[in-house]
Amino acid sequence: MQILLLMCLFLILILINIPVAFTLLIISCIYILLNDLPLVVVSHILTSSTDSFILTAIPLFILAANFMQRGDITDRIIAFCKDLVGHLSGGLAHVNVLASMIFSGMSGSALADAGGLGIVEVQMMRDGGYDDEFTAAITAASSTIGPIVPPSIPLILYGALARESIGKLFLGGAIPGILVGVGLMIQAYILAKKRNYPVSPRAGFKQVVYHCGKVFFPMLTPVIILGGIAIGYFTPTEAAAVAAIYAFILGKFVYRVMTWTDVLKALLDTAILTGVVVFIMAMAGLWSWMITNEEIAKMAVDFLTSVSENP
Numbered sequence: 082m083q084i085l086l087l088m089c090l091f092l093i094l095i096l097i098n099i100p101v102a103f104t105l106l107i108i109s110c111i112y113i114l115l116n117d118l119p120l121v122v123v124s125h126i127l128t129s130s131t132d133s134f135i136l137t138a139i140p141l142f143i144l145a146a147n148f149m150q151r152g153d154i155t156d157r158i159i160a161f162c163k164d165l166v167g168h169l170s171g172g173l174a175h176v177n178v179l180a181s182m183i184f185s186g187m188s189g190s191a192l193a194d195a196g197g198l199g200i201v202e203v204q205m206m207r208d209g210g211y212d213d214e215f216t217a218a219i220t221a222a223s224s225t226i227g228p229i230v231p232p233s234i235p236l237i238l239y240g241a242l243a244r245e246s247i248g249k250l251f252l253g254g255a256i257p258g259i260l261v262g263v264g265l266m267i268q269a270y271i272l273a274k275k276r277n278y279p280v281s282p283r284a285g286f287k288q289v290v291y292h293c294g295k296v297f298f299p300m301l302t303p304v305i306i307l308g309g310i311a312i313g314y315f316t317p318t319e320a321a322a323v324a325a326i327y328a329f330i331l332g333k334f335v336y337r338v339m340t341w342t343d344v345l346k347a348l349l350d351t352a353i354l355t356g357v358v359v360f361i362m363a364m365a366g367l368w369s370w371m372i373t374n375e376e377i378a379k380m381a382v383d384f385l386t387s388v389s390e391n392p
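Reminder that position 114 of the sequence shown reads as 195 in our numbering, one-by-one numbering, no gaps.
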């Protein structure tokens, strides 16, 4: 009865828009108080939920994305994508999606995509004559490619919790991410035709080559990450470290646009976002332990087998 009431409270808190992590915290605290659990047990559960070497890749990939944002790389990506697909019907929407696909291969986070590219993309589409509803929709939708394509932070979390190969998960996410991007571009093309959105002029060959050269080194980031993991040269965590160092070198020494103040801000933003991720994982670990301790899975199996013994 106790666990059923807690599950109902969980649903109520979710329905009234309490963040999931705080919902898990509230439910877990109530469970701890009701069962008078020793705090040493709780602290052990919280630390063991986040005590995994593979999770070190998360702050490193976030740091790489922050360095990319402050290293003038987002503007280079957008300019390159505009040369490639800006002349198509709904061109700036295609630029939005293609830029997100490229940047996702460097960050692995929808939040980094929306926070880094999203601001630039929204302003670009507004200036291009696109309505706010379509602009917001395509920007939000394209940001969801980040958790799909490697190096996906959610895939790292899943791999760490489920003890699955991070490298195989990365390789398995590449094609679905491309398909999502292509699907969004097809839909944007159809809507642009119906609504007569403006089209950018076609870029000349020299301009395409020029912007291709400006984005060449950043485009190597996903190649280095996936290539190194695929051939077994380094682990996902080592790939994240390489990506962060590579992004730092590009922004600080190659393009020379990132100051030491920018570096400190990138480190601070990384620490904040990493803290959020670790907090969610710790709360999820406590919730998982509570479900296991109450034998919810066994109860579900017993209920289903009582209904039908046919698997």
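Don't be surprised by glycine CBs; every beta carbon is placed ideally from N, CA and C. Here the structure is a predicted model, which is why all the values come from computation and not from measurement.
Inter-residue Cα distance where the pair is residue i and residue j
| i | j | result |
| --- | --- | --- |
| residue 161 | residue 91 | 46 Å |
| residue 320 | residue 232 | 9 Å |
| residue 325 | residue 83 | 47 Å |
| residue 151 | residue 274 | 35 Å |
| residue 252 | residue 238 | 15 Å |
| residue 313 | residue 247 | 12 Å |
| residue 346 | residue 234 | 21 Å |
| residue 144 | residue 348 | 7 Å |
| residue 244 | residue 358 | 18 Å |
| residue 241 | residue 265 | 30 Å |
| residue 95 | residue 158 | 38 Å |
| residue 224 | residue 115 | 41 Å |
| residue 222 | residue 259 | 13 Å |
| residue 307 | residue 255 | 10 Å |
| residue 371 | residue 85 | 12 Å |
| residue 351 | residue 149 | 12 Å |
| residue 140 | residue 228 | 15 Å |
| residue 165 | residue 180 | 11 Å |
| residue 283 | residue 368 | 54 Å |
| residue 292 | residue 298 | 11 Å |
| residue 330 | residue 230 | 24 Å |
| residue 154 | residue 263 | 23 Å |
| residue 137 | residue 117 | 33 Å |
Residue i, buried or exposed, once every other Cβ within 10 Å from all chains shown has been counted against 16
| i | result |
| --- | --- |
| residue 373 | exposed |
| residue 261 | buried |
| residue 285 | exposed |
| residue 277 | exposed |
| residue 128 | exposed |
| residue 183 | buried |
| residue 294 | exposed |
| residue 163 | buried |
| residue 216 | buried |
| residue 202 | buried |
| residue 317 | buried |
| residue 206 | buried |
| residue 103 | exposed |
| residue 296 | buried |
| residue 219 | buried |
Below-8 Å beta-carbon distance, residue i vs any chain D residue
| i | result |
| --- | --- |
| residue 294 | No chain D appears in this structure, which consists of one protein chain only. |
Legend entry - Those runs of the alpha helix (DSSP H) which lie wholly inside the segment 300-352 and span at least 4 residues: Fully enclosed alpha helix (DSSP H) runs of 4 or longer: 317-330.
Inset, instruction - Indicate whether the contact test is met: 3 or more Cβ pairs, each with one atom in the segment 282-296 and one in the segment 105-119, closer than 8 Å. - result: By the Cβ criterion, the segment 282-296 is not in contact with the segment 105-119, since fewer than three pairs of Cβ atoms, one from each stretch, lie closer than 8 Å.
Inset, instruction - State whether the segment 330-341 contacts the segment 114-124, with contact taken as three or more CB pairs (one from each stretch) at a distance under 8 Å. - result: Contact fails: fewer than three Cβ-Cβ distances are below 8 Å.
Inset, instruction - Evaluate contact between the segment 169-179 and the segment 210-225, counting only Cβ atoms and requiring at least three cross-stretch pairs below 8 Å. - result: In the pairwise beta carbon analysis, the segment 169-179 is classified as touching the segment 210-225: at least three pairs are separated by under 8 Å.
Inset, instruction - Would you list, in sequence order, the uninterrupted alpha helix (DSSP H) runs of no fewer than 4 residues that lie entirely inside the segment 116-169? - result: Listed in chain order, they are 120-131, 138-151, 154-166.
Inset, instruction - Please list the segments of the alpha helix (DSSP H) lying wholly inside the segment 224-309, counting only runs of 4 or more residues, in order along the chain. - result: Along the segment 224-309, the alpha helix (DSSP H) occurs as fully enclosed runs of 4 or more residues at 234-243, 247-276, listed in sequence order.
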